[in-house]
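Read in my numbering, the sequence shown has 390 at position 103, and its numbers run on one by one without any break. Every residue, glycine too, gets a C-beta built ideally from N, C-alpha and C. Everything numeric in this text was worked out from a predicted model, so none of it was measured. Accompanying notes for the structure given below.
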Amino acid sequence: MAHCRIFVDSDLHEHERLIIPDDQTHYLRQVMRQKNGDQITVFNGRGGEYTASIEDGTRQNCSCMLDSFHDISRELSLPVHIIQSANRSEKIDVVLQKGTELGAASFCITESERSALRLSGAKLEKRLQRWKKIIIEAAEQSGRTSVPDIFWQSSLQSLPQRGLCFALHPSEVTTWQCQRQNITEASEISLAIGPEGGWSPAELINLTAIGFQPMQFGGRILRTETAAPALLAAIQAIL
288 MAHCRIFVDS
298 DLHEHERLII
308 PDDQTHYLRQ
318 VMRQKNGDQI
328 TVFNGRGGEY
338 TASIEDGTRQ
348 NCSCMLDSFH
358 DISRELSLPV
368 HIIQSANRSE
378 KIDVVLQKGT
388 ELGAASFCIT
398 ESERSALRLS
408 GAKLEKRLQR
418 WKKIIIEAAE
428 QSGRTSVPDI
438 FWQSSLQSLP
448 QRGLCFALHP
458 SEVTTWQCQR
468 QNITEASEIS
478 LAIGPEGGWS
488 PAELINLTAI
498 GFQPMQFGGR
508 ILRTETAAPA
518 LLAAIQAIL
């Protein structure tokens with residue numbers, strides 16, 4: 288039977304009893320068929336994880352004892368922030384799932400001239416909740432001890448600049464190979480990935496003006512949902 292990991296957004300303490308949230312109870316009892324006495328792993332995204340034992344409960348209610356704390360980290364040594372141009376929802380889903388599995392520190396979804404997705408108000412709030420759920424499930428599955436943040440930014444001029452910042456574009460002269468040494472020496476990195484069709488010339492000018500260096504990643508043109516996972520894997524390989 289596969290070992291279960293669950294994320295619980297609350298303070299956790301060794302040797303204390305935890306009331307498991309309803310959605311996680313359903314997952315443990317109905318999906319994974321966990322029984323009283325079975326061991327699971329619990330984490331809250333604030334570092335480390337707990338080995339826990341399921342205690343008395345029903346299909347609707349469940350608790351566990353946090354038996355022991357393990358001060359471990361499975362995070363990248365270099366925080367990598369993904370700035371992804373808004374695309375069709377299923378493409379964003381892929382970026383969030385695979386990006387989380389590969390160690391992204393945060394995600395910013397931003398509108399651009401060629402964006403295929405524009406959101407605001409209640410629709411945006413609902414979509415952010417759905418995206419957060421995808422991130423949490425990927426963090427649980429991949430063994431991460433933190434959960435990446437996600438937020439929406441409607442203006443390129445307001446994008447956060449964290450550490451060494453790159454704007455990816457296939458026609459740029461500066462290559463990934465030229466930046467490898469700078470990347471390994473950086474304290475953190477931000478990667479701005481354009482929509483299908485790439486950043487427009489005006490957007491590249493604006494991104495450069497706020498501190499993003501244009502860069503290309505190899506000679507092939509990647510799909511917008513492929514770029515972030517590929518870059519995260521490449522960065523992980525050189526750290």
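Local Cβ density within 10 Å of residue i, reported as buried at 16 or more and exposed below that
i: Lys378; result: buried
i: Leu526; result: exposed
i: Ala409; result: exposed
i: Val318; result: exposed
i: Arg316; result: buried
i: Cys351; result: buried
i: Ala512; result: Here residue 512 turns out to be Glu, not Ala, going by the sequence shown. Burial call: buried.
i: Gln321; result: buried
i: Thr387; result: buried
i: Ala520; result: exposed
i: Ala339; result: buried
i: Cys465; result: exposed
i: Thr312; result: buried
i: Val460; result: exposed
i: Ser355; result: exposed
i: Thr397; result: buried
i: Ala524; result: exposed
i: Ile522; result: buried
i: Ile508; result: exposed
i: Ile470; result: buried
i: Ala514; result: buried
Residue j beta carbon less than 7 Å from that of residue i
i: Pro516; j: Lys385; result: yes
i: Ser393; j: His368; result: yes
i: Asn329; j: Val295; result: The amino acid occupying residue 329 in the given sequence is Val; Asn does not appear at that position. Yes, Cβ-Cβ distance for Val329 and Val295 is below 7 Å.
i: Leu404; j: Ala373; result: yes
i: Cys291; j: Ile341; result: no
i: Glu475; j: Pro366; result: yes
i: Cys395; j: Ile422; result: no
i: Leu305; j: Asn331; result: no
i: Gly430; j: Arg361; result: yes
i: Leu478; j: Leu518; result: yes
i: Leu363; j: Gly390; result: yes
i: Arg414; j: Leu406; result: yes
i: Thr432; j: Glu303; result: no
i: Ile293; j: Cys349; result: no
i: Ala426; j: Val434; result: yes
i: Glu301; j: Leu383; result: no
According to DSSP, residues forming a beta bridge with residue i
i: His368; result: Ser393 and Ser477
i: Thr432; result: DSSP output for Thr432 lists no bridge partner at all.
i: Met352; result: Arg304 and Ser340
i: Arg292; result: Thr328
i: His357; result: Glu336
i: Ile437; result: Phe394
Exercise. Three or more C-beta pairs closer than 8 Å, one from the segment 499-516 and one from the segment 450-458: is that the case here?
Worked result: In short, these stretches touch, since the Cβ pair count reaches three.
For this session: Could you say if the segment 470-487 and the segment 427-438 meet the contact criterion of at least three C-beta pairs nearer than 8 Å?
Result: Cβ pair count under 8 Å is below three, so no.
For this session: With a floor of 4 residues, list each alpha helix (DSSP H) that falls wholly inside the segment 439-520, ordered by position along the chain.
Result: Qualifying alpha helix (DSSP H) stretches, in chain order: 463-472 and 488-496.
Exercise. Does the pairing of the segment 443-450 with the segment 491-499 give three or more beta-carbon distances under 8 Å?
Worked result: Contact between the segment 443-450 and the segment 491-499 is present: three or more C-beta pairs spanning the two stretches fall below 8 Å.
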